[in-house]
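Visitor: Residues in the sequence shown are numbered from 15 upward in steps of one, following the working numbering. Cβ atoms here follow ideal geometry from the backbone N, Cα and C, with glycine treated the same way.
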Amino acid sequence: MSEVPAAFWQGVEQFNQGEFYACHDTLETIWLEAVGPQRNFYQGILQIAVGIYHLSNANARGAMVLLGEGVGRLRSYEPDYAGVAVSPLIEQSLDLLETVQQADSEAIARLADRLRPDAPDPLPVPKVLCQPDR
(Lines of atoms letter the chains of each structure in order from A and count residues from 1; the text may use other names and numbers.)
(Lines give C-alpha, C1' and ligand atoms only; values in the text may rest on other atoms or scores of the structure.)
Protein backbone atom coordinates (compact mmCIF):
# COMPACT_ATOMS: atom_id res chain seq x y z
CA MET A 1 0.00 0.00 0.00
CA SER A 2 1.27 3.44 -0.82
CA GLU A 3 1.65 6.21 1.74
CA VAL A 4 -1.54 7.41 3.39
CA PRO A 5 -2.01 11.13 2.72
CA ALA A 6 -2.02 13.54 5.65
CA ALA A 7 -5.54 14.58 4.66
CA PHE A 8 -6.74 11.09 5.58
CA TRP A 9 -5.64 11.59 9.19
CA GLN A 10 -7.33 15.00 9.18
CA GLY A 11 -10.53 13.24 8.05
CA VAL A 12 -10.11 10.65 10.82
CA GLU A 13 -9.78 13.43 13.39
CA GLN A 14 -12.90 15.14 12.03
CA PHE A 15 -14.79 11.82 12.12
CA ASN A 16 -13.80 11.18 15.74
CA GLN A 17 -14.77 14.73 16.75
CA GLY A 18 -18.24 14.28 15.27
CA GLU A 19 -17.58 16.63 12.35
CA PHE A 20 -19.09 14.21 9.86
CA TYR A 21 -19.82 16.65 7.05
CA ALA A 22 -16.30 18.08 7.22
CA CYS A 23 -14.95 14.52 7.26
CA HIS A 24 -16.95 13.83 4.10
CA ASP A 25 -15.41 16.84 2.36
CA THR A 26 -11.89 15.90 3.42
CA LEU A 27 -12.12 12.21 2.54
CA GLU A 28 -13.99 12.79 -0.70
CA THR A 29 -11.02 14.73 -2.05
CA ILE A 30 -8.57 11.90 -1.44
CA TRP A 31 -11.08 9.20 -2.43
CA LEU A 32 -11.59 10.78 -5.86
CA GLU A 33 -7.82 10.79 -6.44
CA ALA A 34 -7.11 7.33 -5.00
CA VAL A 35 -6.47 4.22 -7.06
CA GLY A 36 -6.36 0.55 -6.15
CA PRO A 37 -7.52 -0.84 -2.81
CA GLN A 38 -7.12 2.48 -1.01
CA ARG A 39 -10.02 3.90 -3.00
CA ASN A 40 -12.65 1.55 -1.52
CA PHE A 41 -11.10 1.90 1.94
CA TYR A 42 -11.46 5.69 1.89
CA GLN A 43 -14.94 5.40 0.42
CA GLY A 44 -16.06 2.99 3.16
CA ILE A 45 -15.06 5.37 5.94
CA LEU A 46 -16.54 8.30 4.02
CA GLN A 47 -19.86 6.46 3.65
CA ILE A 48 -20.05 5.69 7.37
CA ALA A 49 -19.42 9.38 8.13
CA VAL A 50 -22.15 10.44 5.70
CA GLY A 51 -24.50 7.83 7.17
CA ILE A 52 -24.07 9.35 10.62
CA TYR A 53 -24.52 12.82 9.13
CA HIS A 54 -27.82 11.67 7.57
CA LEU A 55 -28.91 10.33 10.95
CA SER A 56 -28.12 13.71 12.53
CA ASN A 57 -30.69 15.15 10.09
CA ALA A 58 -33.24 12.43 10.96
CA ASN A 59 -32.80 10.85 7.51
CA ALA A 60 -33.14 7.20 8.53
CA ARG A 61 -33.13 5.82 4.99
CA GLY A 62 -29.94 7.70 4.06
CA ALA A 63 -28.31 6.59 7.31
CA MET A 64 -29.19 2.93 6.77
CA VAL A 65 -28.07 2.86 3.14
CA LEU A 66 -24.74 4.56 3.74
CA LEU A 67 -23.88 2.78 6.98
CA GLY A 68 -24.58 -0.53 5.25
CA GLU A 69 -22.59 0.34 2.14
CA GLY A 70 -19.68 1.65 4.20
CA VAL A 71 -19.53 -1.54 6.25
CA GLY A 72 -19.73 -3.61 3.08
CA ARG A 73 -16.79 -1.78 1.54
CA LEU A 74 -14.64 -2.11 4.66
CA ARG A 75 -15.12 -5.85 5.26
CA SER A 76 -12.25 -6.85 2.98
CA TYR A 77 -9.87 -4.65 5.00
CA GLU A 78 -10.40 -6.45 8.34
CA PRO A 79 -8.90 -6.67 10.85
CA ASP A 80 -6.82 -3.56 10.11
CA TYR A 81 -5.56 -1.55 7.20
CA ALA A 82 -3.47 1.59 6.74
CA GLY A 83 -3.01 2.05 10.48
CA VAL A 84 -6.75 1.80 11.20
CA ALA A 85 -8.42 -0.88 13.34
CA VAL A 86 -11.13 -1.74 10.80
CA SER A 87 -12.92 -4.51 12.73
CA PRO A 88 -14.03 -2.27 15.64
CA LEU A 89 -15.23 0.40 13.19
CA ILE A 90 -17.35 -2.20 11.41
CA GLU A 91 -18.72 -3.59 14.68
CA GLN A 92 -19.64 -0.12 16.01
CA SER A 93 -21.19 0.85 12.68
CA LEU A 94 -23.29 -2.32 12.62
CA ASP A 95 -24.49 -1.56 16.17
CA LEU A 96 -25.59 1.90 15.06
CA LEU A 97 -27.18 0.51 11.89
CA GLU A 98 -29.20 -1.97 13.96
CA THR A 99 -30.35 0.85 16.26
CA VAL A 100 -31.53 2.88 13.26
CA GLN A 101 -33.24 -0.12 11.64
CA GLN A 102 -35.25 -0.78 14.81
CA ALA A 103 -36.32 2.85 15.31
CA ASP A 104 -39.62 4.38 14.26
CA SER A 105 -39.78 7.99 13.04
CA GLU A 106 -40.12 9.41 16.56
CA ALA A 107 -37.14 7.40 17.76
CA ILE A 108 -35.12 8.58 14.74
CA ALA A 109 -35.82 12.18 15.74
CA ARG A 110 -34.61 11.41 19.28
CA LEU A 111 -31.47 9.73 17.91
CA ALA A 112 -30.80 12.81 15.77
CA ASP A 113 -31.17 15.02 18.86
CA ARG A 114 -28.65 12.83 20.68
CA LEU A 115 -26.09 13.54 17.93
CA ARG A 116 -26.09 17.27 18.72
CA PRO A 117 -22.82 18.42 20.32
CA ASP A 118 -24.72 19.73 23.38
CA ALA A 119 -26.88 16.62 23.86
CA PRO A 120 -27.15 15.65 27.55
CA ASP A 121 -27.28 11.94 26.61
CA PRO A 122 -25.04 11.67 23.53
CA LEU A 123 -25.59 8.79 21.14
CA PRO A 124 -22.60 6.44 20.99
CA VAL A 125 -21.23 6.60 17.46
CA PRO A 126 -18.43 4.70 15.73
CA LYS A 127 -14.86 5.89 16.12
CA VAL A 128 -11.93 5.36 13.78
CA LEU A 129 -9.30 3.76 16.00
CA CYS A 130 -5.68 3.96 14.93
CA GLN A 131 -3.21 1.14 15.35
CA PRO A 132 -0.49 1.78 17.97
CA ASP A 133 2.28 1.86 15.34
CA ARG A 134 0.57 4.67 13.40
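In the DSSP assignment, find the unbroken alpha helix (DSSP H) run with alanine 74 in it and report its ends.
Guide: Here residue 74 refers to the residue found at position 60 of the sequence shown. Element bounds for alanine 74: 74-88.
Visitor: Apart from the five residues just before and just after leucine 143, which ones in its own chain have a Cβ nearer than 6 angstroms to its Cβ?
Guide: If you number the sequence shown from 1, residue 143 lands on position 129. Closer than 6 angstroms at Cβ, skipping near neighbours: Ala99, Pro102.
Visitor: Have a look at Leu81, Ile44, Asn30, Gly32 and flag the residue whose alpha-carbon is nearest the alpha-carbon of alanine 21.
Guide: Locating residue 21 in the sequence shown gives position 7, where the first residue counts as 1. Ranking the options by Cα distance to alanine 21, first place goes to Ile44.
Visitor: Which of helix, strand or coil does DSSP assign to aspartate 94?
Guide: Residue mapping note: residue 94 aligns to position 80 of the sequence shown, counting from 1. The answer is strand: DSSP assigns aspartate 94 an E or B state.
Visitor: Quick one: residues in its chain with C-beta nearer than 7 angstroms to the C-beta of leucine 108, no 5 flanking neighbours on either side, listed in chain order?
Guide: As a position in the sequence shown, residue 108 is number 94, starting the count at 1. Val85, listed in sequence order.
Visitor: When we look at the beta-carbon of glycine 50 and count the other beta-carbons within 10 Å, is it buried (16 or more) or exposed?
Guide: Within the sequence shown, numbered from 1, the residue matching residue 50 stands at position 36. Exposed is the call here.
Visitor: Would you identify the three-state DSSP class for leucine 143, choosing helix, strand or coil?
Guide: Against the sequence shown, residue 143 aligns to sequence position 129. Correct three-state label for leucine 143: strand.
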